[in-house]
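Under our numbering, the first residue of the sequence shown is numbered 2, with each subsequent residue one higher. Let me begin by presenting the structure, written as structure tokens, before commenting on it.
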Amino acid sequence: MPTVKTTKGLLEGIQENGYQVYKGIPYAKPPVGELRFHAPVEPEPWEGVREAKEFSCMCPQGERKPGEMYTIEFYENPDFLPGQSEDCLYLNVWTPGTQATSDKQAMPDKQATPDMEAASGTPYPVAVWIHGGAFMGGFGSELEFDGEAYAKRGVILVTINYRLGVFGFLNHPWLAEEDKDGHCGNYGILDQIAALKWVQENIAAFGGDPNRVTVFGQSAGAMSTQTLLSSPLTRGMIHRAILQSGGGYDNGLNRDVTVEEAMEAGKSFVAYTGAASLSELREKTTEEIMEAFGKTMMESFQSGKGLVFVPIIDGYVLPKGYNAILEEGLHPDIPYMLGSTANDIFVPAEDGGQPEKSNLHKGCLAWSAMGQKQGRKPAYVYYFTRQLPGDGNGAFHSAELWYMMGTVGRCWRPMEERDYALSERMMAYWTNFMKTGNPNEDGEGVLPEWKPCTAEGGEYLILE
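Below, the structure written as structure tokens:
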């Protein structure tokens with residue numbers, strides 16, 4: 002069995018056909034007891050060899066509604082449904098079959114290729130996936146997520162769990178008073194930052210290159226990615242980024258939530274718990290916390306406020322609003338890919354397939370145009386239009402996940418040969434970008450050219 006030495010101890014993973022996987026690796030202490038509603042803390046080292054062969058629990062998020070579209074799509078297979086627990090801060094790593102060596106002089110007379118990077122002593126590029134779920138649901142080992150296809154293409158994939166809902170984004174005066182700098186909330190984003198720090202400190206042991214890290218995510222995962230790009234706490238840890246159906250400029254999705262607004266939601270939540278102090282709040286059971294969270298969310302939606310347990314502008318994790326960060330060029334000057342789907346959120350059913358009527362699509366174009374005006378290279382923008390077979394939901398929000406993760410074969414839908422071909426094409430674009438910052442292949446490959454989205458032309462790639 003493959004064994005890797007991390008900064009905290011030895012890990013034993015699983016050897017599969019052509020790749021290795023390490024599951025349930027702790028990147029922070031369990032956020033329970035005094036660490037509930039607290040910034041993540043480094044995990045303790047362990048003695049001996051720790052088995053990394055099972056996925057961890059997901060953050061508590063309630064039960065899925067039977068028959069609901071996303072339940073049917075992603076959450077009905079019991080083999081891919083771990084338990085729920087506040088002890089959820091773990092990540093998973095898929096590596097190519099042969100790990101990189103530290104011998105940088107190996108094979109000096111041969112040019113490295115994706116298939117021989119490890120043998121040549123060149124470490125693999127790394128991709129860190131952040132799942133979506135409206136900051137209230139999801140987990141890093143969902144049915145549609147898998148690193149096999151990435152590993153076999155010469156990319157290390159890391160997927161993470163992070164705290165969700167009130168566990169990840171509670172703001173309250175008690176918490177601000179407890180912190181020496183007065184910070185609170187944004188714990189879920191701080192979890193993600195802790196996972197990125199883990200990657201910087203440990204991925205070389207898995208054969209990865211800490212200087213070639215792509216962060217990518219979809220929906221709330223894309224919003225998380227944009228938050229990470231906007232934060233001074235991640236400088237030097239992100240070298241490329243992909244934002245899927247959630248990132249962009251003035252797209253109507255990334256909302257600037259103030260500390261004051263978040264505090265009001267936090268006070269409402271605490272009132273529902275009946276806790277009279279922070280210590281009492283931390284003594285509440287997970288079930289009691291989730292019950293109060295549900296009541297708070299119902300109140301918020303009924304009042305028209307919508308999602309309130311989300312990243313906030315706290316002057317620490319997120320110094321300014323999302324649009325202001327882009328306007329002032331405070332985000333990293335790195336390669337970007339952005340995109341959305343034809344029947345994405347904010348796209349009325351009658352307008353499906355008309356990109357000019359999609360705020361998410363227009364937000365991707367605006368991101369690229371703004372970067373170019375600031376003297377940066379234009380981004381690569383895509384528009385996914387495949388109407389998935391099996392029902393009438395079309396190219397729905399999240400439809401591209403099966404394809405860019407290489408898991409079309411797991412989907413319940415009657416997929417056709419062209420769906421597998423589209424997946425292969427998308428996997429090539431995604432992994433090429435992770436390796437070089439350019440999704441295109443050198444020479445005459447099978448991939449149609451993906452032109453960058455210039456302000457003059459507004460080019461984007463249709464994925465059909």
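Cβ atoms here follow ideal geometry from the backbone N, Cα and C, with glycine treated the same way.
message = In chain order, what are the residue ranges of uninterrupted beta strand (DSSP E) at least 3 long that sit wholly in the segment 332-405?
response = 337-342 and 381-385
ask   = Quick one: is Asp392 buried, meaning 16 or more other Cβ sit within 10 Å of its Cβ, or exposed?
value = exposed
Distance between beta carbons of Ser341 and Ser246, contact taken as under 8 Å = 5 Å
query = Whole-angstrom Cβ separation of Gly267 and Leu165, contact assumed at under 8 Å?
reply = With a Cβ gap of about 15 Å, Gly267 and Leu165 do not count as contacting.
message = Measuring alpha carbon to alpha carbon, tell me which residue in Ala242, Leu308 and Met299 is nearest Phe136.
response = Leu308
query = Can Gly237 and Ile131 be called in contact, C-beta distance under 8 Å?
reply = no
Under the three-state DSSP convention, the category Glu13 falls into = strand
task = Examine the Cβ distances between the segment 150-157 and the segment 428-438 and report whether three or more of them are shorter than 8 Å.
result = yes
inquiry  = Only counting the same chain, and skipping five residues up and downstream in sequence, which positions put a Cβ closer than 8 Å to that of Glu48?
reply    = Gly10
task = Could you pull out every residue in the same chain whose Cβ sits closer than 6 Å to the Cβ of Val409, ignoring the five residues on either side in sequence?
result = Trp403, Met416, Asp420, Tyr421 and Ser424
Cβ pair count under 8 Å reaching 3, the segment 181-201 against the segment 311-322 = yes
message = Given this structure, state the Cα-to-Cα distance separating Arg51 from Thr286, to the nearest angstrom.
response = 29 Å
key: Tyr20 vs Gly98 beta-carbon contact at 8 Å   = yes
task = Kindly give me the distance between the Cβ atoms of Glu179 and Leu279, rounded to whole angstroms, as I take these residues to be in contact under 8 Å.
result = 6 Å
query = Considering only the beta carbon of each residue, do Gly330 and Gln375 sit closer than 8 Å?
reply = yes
Pairwise C-alpha distance: Lys306 and Ala205 = 44 Å
message = Using a 10 Å radius around the Cβ and a threshold of 16 neighbouring Cβ atoms, would you call Ile190 buried or exposed?
response = buried
task = Could you tell me if Asn78 is buried or exposed, where buried requires 16 or more neighbouring beta carbons within 10 angstroms of its beta carbon?
result = exposed
inquiry  = Which residue marks the beginning of the alpha helix (DSSP H) containing Phe434, and which one marks its end?
reply    = Glu418 to Thr437
ask   = Per DSSP, Phe217 forms a beta bridge with which residues?
value = Trp130 and Ile243
message = Within the continuous beta strand (DSSP E) that includes Val260, where are the two ends?
response = Per DSSP, Val260 belongs to no beta strand (DSSP E); it is in the alpha helix (DSSP H), Val260 to Thr274.
message = If you reduce the DSSP assignment to three classes, tell me which class Val311 lands in.
response = coil
key: For Phe434, the nearest candidate out of Phe168, Met291, Val216 and Gly139 (CA to CA)   = Val216
key: DSSP state of Asn1 mapped onto helix, strand, coil   = Summary: the structure shown does not reach residue 1, with the chain confined to residues 2 through 465, and so no result is reported for it.
message = I need the straight-line Cα distance from Ala396 to Ala277, nearest angstrom please.
response = 48 Å
request  = Note down, in chain order, each residue of its chain lying with its Cβ closer than 7 Å to the Cβ of Asp210, except the 5 sequence neighbours on either side.
outcome  = Pro124, Tyr125, Pro126 and Val127
query = Using a Cβ-Cβ cut-off of 7 Å (strictly less than) and excluding sequence neighbours within five positions of Leu234, which residues of its own chain qualify?
reply = Ile194 and Val318
query = If we call anything under 8 Å between Cβ atoms a contact, is Thr455 one with Pro379?
reply = yes
request  = Given a cut-off of 8 Å, decide if Gly155 and Gln62 are closer than it, judged by their beta-carbon atoms.
outcome  = no
query = Do you know how far the Cα of Pro390 is from the Cα of Thr102?
reply = Per-residue confidence for Thr102 stands at a pLDDT of 35, beneath the threshold of 50, marking its modelled position as unreliable; the derived number appears in the next sentence. Whole-angstrom Cα-Cα distance: 44 Å.
task = Output yes or no for whether 8 Å exceeds the beta carbon distance between Asn360 and Gly253.
result = yes
ask   = Does the distance from the CB of Pro333 to the CB of Ile239 come in under 8 Å?
value = yes
task = Could you tell me how far apart the beta carbons of Pro46 and Leu90 are, in whole angstroms, since I believe they sit closer than 8 Å?
result = Pro46 to Leu90, Cβ: 16 Å. No contact.
ask   = Should Glu35 go down as buried or exposed, given a rule of 16 or more other Cβ atoms within 10 Å for buried?
value = exposed
query = Roughly how far, in whole angstroms, is the beta-carbon of Val129 from the beta-carbon of Ala196, given that I think they are within contact range, below 8 Å?
reply = 7 Å
Alpha carbon of Lys296 to alpha carbon of Arg37, nearest angstrom = 20 Å
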